[in-house]
Amino acid sequence: MADSTTTAERRSKAGFDLTPPSPEQMHVLVANLDDEERRVLLEHGTERPFCGIFNEAKEKGTYCCRLCGLPLFNAGTKFESGTGWPSFFDPIDRDHIAFVRDTSYGMVRTEIRCARCEGHLGHVFNDGPPPTGERYCMNSVSMRFVAEGDPLPDELGRGAPEGETVG
1 MADSTTTAER RSKAGFDLTP PSPEQMHVLV ANLDDEERRV LLEHGTERPF CGIFNEAKEK
61 GTYCCRLCGL PLFNAGTKFE SGTGWPSFFD PIDRDHIAFV RDTSYGMVRT EIRCARCEGH
121 LGHVFNDGPP PTGERYCMNS VSMRFVAEGD PLPDELGRGA PEGETVG
């Protein structure tokens, strides 16, 4: 019988299963990526500024991880940062984001990854608007958008709350 604390530790406060995909599931997820998505999500690349499909998007809905479908940001937390990348000031659940020290290119930054599949999302900076003061600078190719009222992706077949809409 499974220990309930182990199960609880694998769920975010928002109720999503954060257990990493199995190697077989990961193989299927990766097979559905195009070259640019692979370069950014798996090799920690960055798309060029002002070219991402979500940079100027304003629709209501949820931005999810392109690889595993984990909900990351509500559209209401998106703001125009002027940087050329879609920016958000607060994730749906901080447990959905992994924060990793990044010292590449002679800089010290905080890389953000999907907490479930470890796909590279972008970086977070401390120059965002209130109330968090954070700017989650995202790559459009690291995300998929789900319009308000549409079901969230359940790429791993884990059931509720996967596939349900988030606030």
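Numbering-wise, the UniProt record's numbering puts 2 at position 2 of the sequence shown, and it's gapless, one number per residue.
A virtual CB, placed ideally from N, CA and C, is assigned to each residue, including glycine.
Per DSSP, residue i is paired with what?
i, result
"residue 71", "64"
"residue 97", "114"
"residue 168", "Residue 168 is absent from the structure shown; the chain starts at 1 and stops at 167."
Check for me: the alpha helix (DSSP H) holding residue i runs from which residue to which?
i, result
"residue 27", "23 to 31"
"residue 144", "Careful: residue 144 lies outside any alpha helix (DSSP H), inside the beta strand (DSSP E) at 143 to 147."
"residue 41", "35 to 41"
Kindly give me the distance between the Cβ atoms of residue i and residue j, rounded to whole angstroms, as I take these residues to be in contact under 8 Å.
i, j, result
"residue 44", "residue 120", "4 Å"
"residue 154", "residue 148", "About 18 Å separates the two Cβ atoms, so there is no contact after all."
"residue 29", "residue 70", "About 11 Å separates the two Cβ atoms, so there is no contact after all."
"residue 142", "residue 40", "6 Å"
"residue 62", "residue 146", "5 Å"
Between residue i and chain D, is the shortest Cβ-Cβ distance under 9 Å, so that the two count as touching?
i, result
"residue 126", "Any reference to chain D falls outside this structure, which holds one protein chain only."
When you compare only the Cα positions, how much space is there between residue i and residue j?
i, j, result
"residue 122", "residue 89", "13 Å"
"residue 23", "residue 38", "16 Å"
"residue 78", "residue 86", "7 Å"
"residue 158", "residue 114", "17 Å"
"residue 102", "residue 126", "15 Å"
"residue 14", "residue 65", "15 Å"
"residue 17", "residue 129", "30 Å"
Just to check, is the beta-carbon of residue i closer than 8 Å to a non-hydrogen atom of the ligand GDP?
i, result
"residue 133", "As presented, the structure is devoid of all ligands, the ligand GDP included, so that no description of it is given."
Any 3 or more C-beta pairs closer than 8 Å across the segment 39 to 57 and the segment 127 to 136: Cβ pair count under 8 Å is below three, so no.
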